[in-house]
Amino acid sequence: MLHIKPKATVDEIMSELDDNFGNVASIDTMLSKFLMAEQEQNETISEWGLRIEELLMHVTRKTRLDEHEKKDMWRKRFWRGLRNEELKNATRVHFESKLTCEELKIKLREEEFEIQISKDRGK
């Protein structure tokens with residue numbers, strides 16, 4: 001880090017930072033971690049979406065995927081990794097209709113909210 005020139009480009013600085021502080025796991029390890037990820041017990045839809053987005057970001061730093069491939073991978077892992085089967089069943093039609101990542105996340109958040117309201121009424 002001490003040898004970086006004052007006029008270094010952003011790419012040169014980012015490369016140096018990545019070399020010193022970046023993830024050293026292999027692409028296989030990172031991809032496995034992403035593909036095996038599942039929503040945790042008390043993790044909201046938003047938290048789950050952000051967590052797998054971060055996992056996918058680590059994968060794509062070391063491999064070249066176009067934007068469509070990244071979004072498709074995220075969308076599939078996001079829905080397939082859902083913990084709540086009731087939520088999964090209620091949103092299957094949205095997943096299969098190929099909504100965008102953002103649209104799917106919104107539908108899931110709406111359904112998660114409705115399910116929670118129903119559970120609260122039942123108490």
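Per the UniProt record's numbering, the very first residue in the sequence shown carries number 1; after that it's consecutive. Even glycine gets a Cβ: it sits at the ideal position worked out from N, Cα and C. Predicted model only: the values in this text are computed from it and were never measured.
By the neighbour-count criterion, in which 16 or more other beta carbons inside 10 Å mark a residue as buried, Gly-49 falls on the buried side. Between Arg-83 and Ala-37 the beta-carbon gap is near 11 angstroms, outside 8 angstroms, which marks them as no contact.
Arg-75 counts as buried, since at least 16 other C-beta atoms from the protein chains shown sit within 10 angstroms of its C-beta.
Along the length of the segment 44 to 76, whole beta strand (DSSP E) runs at least 3 residues long do not occur.
Cβ-Cβ separation between Lys-33 and Leu-55: approximately 6 angstroms, consistent with a contact (criterion under 8 angstroms).
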